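Our numbering numbers the first residue of the sequence shown as 1120 and each following residue consecutively. The beta carbon of each residue, even a glycine, is placed where N, CA and C say it ideally should be. Predicted, not measured: the structure shown is a model, and the values here were computed from it. For reference, the structure is listed below as structure tokens.
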Amino acid sequence: MTAKNNKQQINTSRINPSSTDVVRVVQVTDCHIFAEPAGCLLGLNTRESFEAVCKRVSKEEWKADLLLATGDLAQDASTEAYQYLADYLERFDFPTFWLAGNHDNTQTMQEMFNNSKVLPHKQIITEHWQIILLDSSVPEMVHGSLSKKELAFLEFCLNEHPNKHSLVVLHHHPVDVHCAWLKNIGLKNKKAFQKVIEKFDNVKGVLWGHIHQEYEQQHNGIPYIATPSSCVQFEPGSKEFCADTKAPGYRYLNLFSDGRIESVVHRVDNVEFTVDYSIKGY
């Protein structure tokens, strides 16, 4: 169904979780899939690591209600990469919702992610929660920014459902993650984003990708959470670009009916992946 305000049409998806007390969410991010099946990032085959992550997701004790694919899904923004992702994600018996990262092409994603399991909706509604997906990508730039339209969309959604707990999702980091080389490629208009968030007491969490590492800190009483890549990881606290030795991973989140968020990072540490640590960029 759709919700409408004076300026924009909002695509909304309504989800009925398997439990009335919790929404189970999986986040997979920064897959960096290439058109060519043999495509590698820093020497690691990204299709192989993505598939290993997805196989681990399928073995979760509690099946997810939905999957969030939070940007940099393709490395080369190719139709072949997105077709591969669409076909693979369609295998899950729960829906995937996506947003673009700095390596992605939003228009191509909209064209290719058009099956019954990979959905374009940016507002997801359950009995107790709403999940709001924001596009922080800037064409041909590595850093992120939220347009006036995206900020207005965020404020509209938070106003529309004041009694629902809200999880806000984007690609770029909206806070300093204490990694010097990442500082200038995060969300440029952090203050504008925070200004909207601070108006509402129903925001219970902010979730993103982009930084290829685990992060979870409280900011003004709200959990701010980042998730490792499904391929290569970046070393936390590094001053210059540096790949980490940790395995590919994803995050599993429980969104409880009382507004609590519990989450854990799972890594595919039973498979050996080759990374070329001599490469100083991506």
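Residue 1279 sits in a helix when the DSSP states are folded into three classes. When beta bridges are read from the DSSP output, residue 1371 appears opposite 1145 and 1383. Residue 1347 and residue 1142 have their C-alpha atoms spaced approximately 21 Å apart.
Secondary structure at residue 1173: helix, using DSSP grouped into helix, strand and coil. For a cut-off of 8 Å, the C-beta gap from residue 1305 to residue 1340 is around 21 Å, too long to register as a contact. One thing to note: residue 1361 has its Cβ no nearer than 7 Å to the Cβ of residue 1165.
If only complete runs of 3 or more residues are kept, the segment 1196-1221 shows the beta strand (DSSP E) at 1215-1218, in order along the chain. For residue 1320, the number of other beta carbons within 10 angstroms of its own is below 16, and it is reported as exposed. CA-CA distance, residue 1376 to residue 1273, rounds to 21 Å. In the three-state scheme derived from DSSP, where H, G and I count as helix and E and B as strand, residue 1313 is classed as helix. With respect to the 7 Å criterion, residue 1265 and residue 1253 are classified as neighbours on the basis of their beta carbons. Between the alpha carbons of residue 1401 and residue 1353 lies a gap of roughly 11 Å. The continuous beta strand (DSSP E) containing residue 1189 extends over residues 1185-1189.
Around the C-beta of residue 1370, 16 or more other C-beta atoms lie within 10 Å, and the residue is accordingly described as buried.
Take the alpha-carbon of residue 1324 and the one of residue 1169: they are about 26 Å apart. With 16 or more other Cβ atoms from the protein chains shown falling within 10 Å of its own Cβ, residue 1367 counts as buried.
Ranked by Cα distance from residue 1388, the first of 1221, 1175 and 1157 is 1175.
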